[in-house]
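Quick mapping for you: the protein sequence lines, in order, are chains D and Y.
Oh and the first sequence: position 189 is 271 in the numbering used here, straight run, nothing missing.
Oh and the second sequence: position 306 is 307 in the numbering used here, straight run, nothing missing.
Built from N, CA and C at the ideal position, the CB exists for glycine as well.
Since the structure is predicted, the reported quantities are computational estimates derived from the model, not experimental observations.
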Amino acid sequence: MIFHSLKFVVFFGVVYAIYLSLRHKAQNRFLLAASYLFYSTWDWRFLVLIIITTLTDHLCATSIHATSDKARRQRYVAISVIVNLGILGVFKYYNFFLENFISLFSTMGYDISGPTINILLPVGISFYTFQSMSYTLDVYRKQLKPADNVLDYALYVSFFPQLVAGPIERAKNLLPQVLSPRTLTYKAAQQALVLIAIGVFKKLFIADNLGDIVDPVFAVGASPSSTMVLVAGYAFLFQVYCDFSAYTDIARGVSKLMGFELMDNFRAPYLARNLQDFWNRWHISLTTWIRDYLYYPLAFARFKKKSIPPYFVTVLTFTIMGLWHGAAWGYVLWGVYNGIALAAYGLISRYLPKVKKDASALLKHATNILCVLVTFHVIFIGDIFFRAVSFDQSSTLITTLFTQSPFTGELITQLKIIGFYILPIFLMDFFTTKKPIEDRFYELPVPLRYGVMYILFYLVYFYGTSKPSFIYFQF
Amino acid sequence: MNNVNISWKSFFDLLPNAISVGKFLLVIVALDLLISIGLSFFISDSFYIKRYLNFDLYENASSYDSRIEKYFDNAFYLKPNLKTGWVNTPNFIKKELYWNTNSLGARVSPEQQKIDSLPDESDDNLIFLLGSSVINGYKQEYKDTPSNHLTSYGYSVFDFGTVMYSIDQTFELYKNTLAQYKPKVIVVGIHNEPEVISNMFIPLRIHDTSVPFLKPAYYLSGNKIVERNAPVEHQRRKALLLMFSELKEHDAHYYKFQIYKRLSLLPFSDLVRKGIMAVEKEFFKADEYIKAFELQKAFMEKMTALAKKNGAEVIFIKFEALEDIKKPFYQQLYKDRNTIHTELLKETSMNILITSEIFKETGQPISDFYGKYDTVHLSANACEVLAKKIDQEIKKITAEKLHH
Chain D
83 MIFHSLKFVV
93 FFGVVYAIYL
103 SLRHKAQNRF
113 LLAASYLFYS
123 TWDWRFLVLI
133 IITTLTDHLC
143 ATSIHATSDK
153 ARRQRYVAIS
163 VIVNLGILGV
173 FKYYNFFLEN
183 FISLFSTMGY
193 DISGPTINIL
203 LPVGISFYTF
213 QSMSYTLDVY
223 RKQLKPADNV
233 LDYALYVSFF
243 PQLVAGPIER
253 AKNLLPQVLS
263 PRTLTYKAAQ
273 QALVLIAIGV
283 FKKLFIADNL
293 GDIVDPVFAV
303 GASPSSTMVL
313 VAGYAFLFQV
323 YCDFSAYTDI
333 ARGVSKLMGF
343 ELMDNFRAPY
353 LARNLQDFWN
363 RWHISLTTWI
373 RDYLYYPLAF
383 ARFKKKSIPP
393 YFVTVLTFTI
403 MGLWHGAAWG
413 YVLWGVYNGI
423 ALAAYGLISR
433 YLPKVKKDAS
443 ALLKHATNIL
453 CVLVTFHVIF
463 IGDIFFRAVS
473 FDQSSTLITT
483 LFTQSPFTGE
493 LITQLKIIGF
503 YILPIFLMDF
513 FTTKKPIEDR
523 FYELPVPLRY
533 GVMYILFYLV
543 YFYGTSKPSF
553 IYFQF
Chain Y
2 MNNVNISWKS
12 FFDLLPNAIS
22 VGKFLLVIVA
32 LDLLISIGLS
42 FFISDSFYIK
52 RYLNFDLYEN
62 ASSYDSRIEK
72 YFDNAFYLKP
82 NLKTGWVNTP
92 NFIKKELYWN
102 TNSLGARVSP
112 EQQKIDSLPD
122 ESDDNLIFLL
132 GSSVINGYKQ
142 EYKDTPSNHL
152 TSYGYSVFDF
162 GTVMYSIDQT
172 FELYKNTLAQ
182 YKPKVIVVGI
192 HNEPEVISNM
202 FIPLRIHDTS
212 VPFLKPAYYL
222 SGNKIVERNA
232 PVEHQRRKAL
242 LLMFSELKEH
252 DAHYYKFQIY
262 KRLSLLPFSD
272 LVRKGIMAVE
282 KEFFKADEYI
292 KAFELQKAFM
302 EKMTALAKKN
312 GAEVIFIKFE
322 ALEDIKKPFY
332 QQLYKDRNTI
342 HTELLKETSM
352 NILITSEIFK
362 ETGQPISDFY
372 GKYDTVHLSA
382 NACEVLAKKI
392 DQEIKKITAE
402 KLHH
């Protein structure tokens, strides 16, 4: 059940009507049932996995909290991590690792085989597993008190607006909202509707239209020109951003209507002036998760009184982040590439010339624009690995791009086409760098506000198209 | 923490604000309508026509997109015909598209070397498939067409399915060209669209690449079929405006349609226009649809009589689009066109197979029976299921004939 479907509108309408009729505790129980129903519309059998994750982590967190014995606490947190990663490993990575082991051994002359699992990837598994794992880790770090009731915790894990594609909420943020009575203010309702409208616009007008340009270039067997690789690469960057942030916007809007505040996942990422800045703005809920539970522990760890070189930690964590996205070498390469790029930036940044404070405004702006463009293009190359269906395809596309000139007569025509779709998101990001869009929108004069909404509606109505899924559902 | 929990009360507390938002929305809708109506007095025909064509193409992107152009781009796979409007170009080979025809215009296997093979009238297993692109397995490889499946069951099949054909054209083709080959069975595909109207749009939608001709048009006077318009051949790549005026002369309905289209400039007025059109289509035009169905039935009866005279049995297949079967809830509240059509056909004593019933019998999800290009043409799976059903029907008819 996807957000921009009539099914979801009916589902949410019914859920909301019942939700408003209940008291707080009953609301929580009802939302849990609705979330399980929502998830079961993909495949009810995968509910078992969510329930196992929930029970394990709740039990582990409660046990950790109940004891002060360090060894026992470590044991419980290890159980939680092993169960979560075990489920993820079996359902997401088992076939990938098995196939790669088999091919590795066969290159060494050993003919081995192993049973592959013929199973669909449970939708949203990476999101809710990480979300649930953060709970036990926070309890272990004594940053959080476990929920008294497992059903409240179950709602935190499976809250339907963010269940299948995030944001990956920390228990510290979402669990207190589950436990306390919630409110609905006029401002929150306004913001919710703006977020939903913008999410629908980003998905139907920008992401799905750009998808129609991207897909043929990355189709199996396609041999696009250098111009088209460049154009499709640009288009993909905005497609994936708008597709994913659209989901987040709608999830946040729907949650706001129910009195929940979810975290923002993106802050104008393509206006970042360097790679560090970019990763502070892109998929924030994942990057901060990786930072808090993987990067910092590794960076501050001591092995034989020695710490791991920070650049190595960066590459390692990015590689894991790549693998989080999917069991394919393209994602691993994407992670390695971005890790190396960020580490390299960390190394060279101190040597880069800085614009003096008293430099002219023009020079400052020009430098900023140059930095944004360079950052954008570094991300652009990485995303070719991300989008390509195989390593062969990504290497072919990158070779095409660098060995043939993309600057043909067709380039301007194609850029105009994608520019039509990209311009609105560029404007939105440009005007919302300092404040979230839902706040910035209500600073506009009333006629302009309605005018903007009317233009968005016009574009979706006449030019919108719809793909039956969100890109990040596959992760 | 705030102890006032979210409830219906907190929701209703928002109502005064919501009313002021509603007022603004009403103003916007009114402005949208006024601008659309006002502009229609000042903007030229050509602007609307071009805009309509662009949007129509866009709206129908799933079925009328560039893939069609790739499929039949300047292929001249059709040629004009004075009786039927157009026919498949004979001896046409486009191997990469699996589209080959023999000397009579029947679709044949791309591997078939001798494409000028003719039907053998003494063959007891001779079957003709007639009708539109749906029966010829449009965009499917030849191996997946109903025709190929029927061949594998032991029949000698000639598939004359022609893009956008309706029953009147099918009848003319059979009468003038095919009856002489004395097929034992003819299988005719029919649709629930009053094709007299819908065919008008096609030359405009894809005027460069698809059907560049206008079909003959008929009406019923009592029980008699009268020809209203003879087929017209458009010049390929003719100026759109000229083409439109030609169509306007050909069918007054199109002009009316165009007036509605003038409200399509802005989104809210376009929604209103669509609403008016939908209501008109379903309710106020019901008589026109019934007339079109009656005309179709008259042609079917004429065809059955002619076939009988030539010693052939006729099986009609009523093809339905996916949206005719998977209807939105409100369409289930009243008798829609498809239901009226089905009931009308079931009253007759002709051999009629109905695709929705055939597909439902299999127990598979209905959307599996439609191809990836649109909601009208069948998937490979559907072609096979259909061929099996045709085979059963032929056996049933043959057994009944022997019994008699």
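Q: Report the partner residues of W87/Y according to the DSSP bridge assignment.
A: In the DSSP assignment, W87/Y is bridged to P81/Y.
Q: Starting from G190/Y, trace the beta strand (DSSP E) both ways and give me its first and last residue.
A: First-last of the beta strand (DSSP E) with G190/Y: 186 to 192.
Q | Given L505/D as reference, the closest of K254/D, F241/D, N231/D, F287/D once Cα atoms are compared | A | Among K254/D, F241/D, N231/D, F287/D, the Cα nearest to that of L505/D belongs to F287/D.
Q.
Please report the straight-line C-alpha distance between D346/D and F360/D, rounded to a whole angstrom.
A. Counting only the Cα atoms, F360/D lies some 15 Å from D346/D.
Q: For F508/D, write down the residues that DSSP places opposite it in a beta bridge.
A: Answer is none; F508/D lacks a bridge partner.
Q: Show which residues of chain D have a CB atom less than 8 Å away from the CB atom of W9/Y.
A: Within chain D, the residues near W9/Y are L102, S103.
Q. What residue does the alpha helix (DSSP H) around T102/Y start on, and which one ends it?
A. In this chain, T102/Y is not harboured by any alpha helix (DSSP H); it is covered by the beta strand (DSSP E) spanning 100 to 102.
Q: Would you list, in sequence order, the uninterrupted alpha helix (DSSP H) runs of no fewer than 4 residues that lie entirely inside the stretch 366 to 397 of chain D?
A: 366 to 372, 378 to 381, all fully within the stretch 366 to 397 of chain D.
Q: Compare the Cα-Cα distances from L429/D to each of P391/D, D294/D, A271/D, L445/D and report the closest residue.
A: With distances taken between Cα atoms, L429/D lies closest to P391/D.
Q | Contacts around N149/Y, its chain only, beta-carbon distance under 6 Å, and the 5 residues preceding and following it disregarded | A | Same-chain partners within the cutoff: Y143.
Q: Could you spell out the range, first to last residue, of the beta strand (DSSP E) harbouring L445/D?
A: Taken as a continuous stretch (DSSP letters only), L445/D belongs to no beta strand (DSSP E), being part of the alpha helix (DSSP H) at 443 to 469.
**Q.** Sequence-distant residues of its chain with Cβ nearer than 6 Å to N89/Y (five each side left out)
**A.** These residues qualify, in order along the chain: T102, G106, T163.
Q | Backbone CA spacing between I291/Y and F93/Y [nearest angstrom] | A | Using only the alpha carbons, I get a separation of about 38 Å.
Q: Rank L445/D, L497/D, N291/D by C-alpha distance to the C-alpha of T547/D and give the top, closest one.
A: In this structure, N291/D is the residue among L445/D, L497/D, N291/D with its C-alpha nearest to the C-alpha of T547/D.
Q: Please work out which residues of its chain come closer than 7 Å, Cβ to Cβ, to I422/D, disregarding the five sequence neighbours upstream and downstream, and give them in chain order.
A: Around I422/D: V397.
(Q) Per DSSP, what are the beta-bridge partners of K225/Y in this structure? (A) Answer is S222/Y.
Q) At a Cβ cut of 7 Å, what residues of the stretch 9 to 36 of chain Y count as close to chain D, listed as they run along the chain? A) Cβ contacts with chain D come from W9, S11, F12, L15, N18, F25, I29.
Q: Please classify Y158/D: does DSSP put it in a helix, a strand, or coil?
A: In the structure shown, Y158/D sits in a helix (DSSP, three-state: H, G or I).
Q: Answer yes or no: do I366/D and W406/D have a C-beta to C-beta separation smaller than 9 Å?
A: At least 9 Å separates the beta-carbon of I366/D from that of W406/D.
**Q.** Nearest-angstrom Cα separation, counted from K185/Y out to Q496/D
**A.** Roughly 56 Å between the two C-alpha positions.
(Q) Taking the straight line between their C-alpha atoms, what separation do you get for S195/D and N177/D? (A) A straight line joining the alpha-carbon of S195/D with that of N177/D spans about 12 Å.
Q: Tell me whether N352/Y sits in a helix, a strand or coil according to DSSP, three-state version.
A: N352/Y falls in the strand class under three-state DSSP.
Q | Contacts around E314/Y, its chain only, beta-carbon distance under 6 Å, and the 5 residues preceding and following it disregarded | A | V186, I398.
**Q.** Inter-stretch contact at 8 Å, needing at least 3 Cβ pairs: the stretch 303 to 319 of chain Y / the stretch 349 to 356 of chain Y
**A.** With a cut-off of 8 Å, the stretch 349 to 356 of chain Y and the stretch 303 to 319 of chain Y count as touching, because enough Cβ pairs lie within range.
Q | Simplified DSSP state of D252/Y, which is helix, strand or coil | A | Only weak support is given to the placement of D252/Y: the predicted model assigns it a pLDDT of 48, under 50, and the question is left unresolved by the model.
Q: Using three-state DSSP, classify S214/D as helix, strand or coil.
A: Reduced to three states, the DSSP call for S214/D is helix.
**Q.** Limits of the alpha helix (DSSP H) - the one that K269/D falls within
**A.** That run of the alpha helix (DSSP H) goes 268 to 283.
(Q) Below 8 Å on the Cβ atoms is my contact criterion, and I expect D331/D with I280/D to pass it. Report the Cβ-Cβ distance as a whole number of Å. (A) Indeed they touch by this definition, with Cβ atoms about 5 Å apart.
Q. For T265/D, which residues from the same chain have a beta carbon less than 6 Å from its beta carbon, with the 5 sequence-adjacent residues on both sides left out?
A. Cβ within range, chain order: G341.
Q: Within the same chain, show all residues whose beta-carbon is closer than 7 Å to that of V92/D, passing over the 5 residues directly before and after it, in chain order.
A: Result list for V92/D: empty, nothing under 7 Å.
Q: Have a look at T309/D, F484/D, F400/D and flag the residue whose alpha-carbon is nearest the alpha-carbon of I295/D.
A: For the set T309/D, F484/D, F400/D, the Cα lying nearest the Cα of I295/D is the one of T309/D.
Q) Going along chain D in order, which residues have a C-beta closer than 8 Å to the C-beta of N103/Y? A) Near N103/Y there are no residues of chain D at all, since even the closest Cβ is about 32 Å away, more than 8 Å.
Q: Flag this pair as yes or no: are the beta carbons of I519/D and Y323/D separated by less than 9 Å?
A: No, Cβ-Cβ distance for I519/D and Y323/D is not below 9 Å.
Q.
Spatial neighbours of A381/D within its chain, please: C-beta separation below 8 Å, excluding the five flanking residues on both sides.
A. S389, I390, P392, V395, listed in sequence order.
Q. Do we get a CB-CB distance below 9 Å when we pair T265/D with the residues of chain Y?
A. So, interface residue.
(Q) Within 9 Å of any Cβ in chain D, is that where the Cβ of F172/Y sits? (A) Not closer than 9 Å to any Cβ of chain D, the Cβ of F172/Y fails to qualify, so no.
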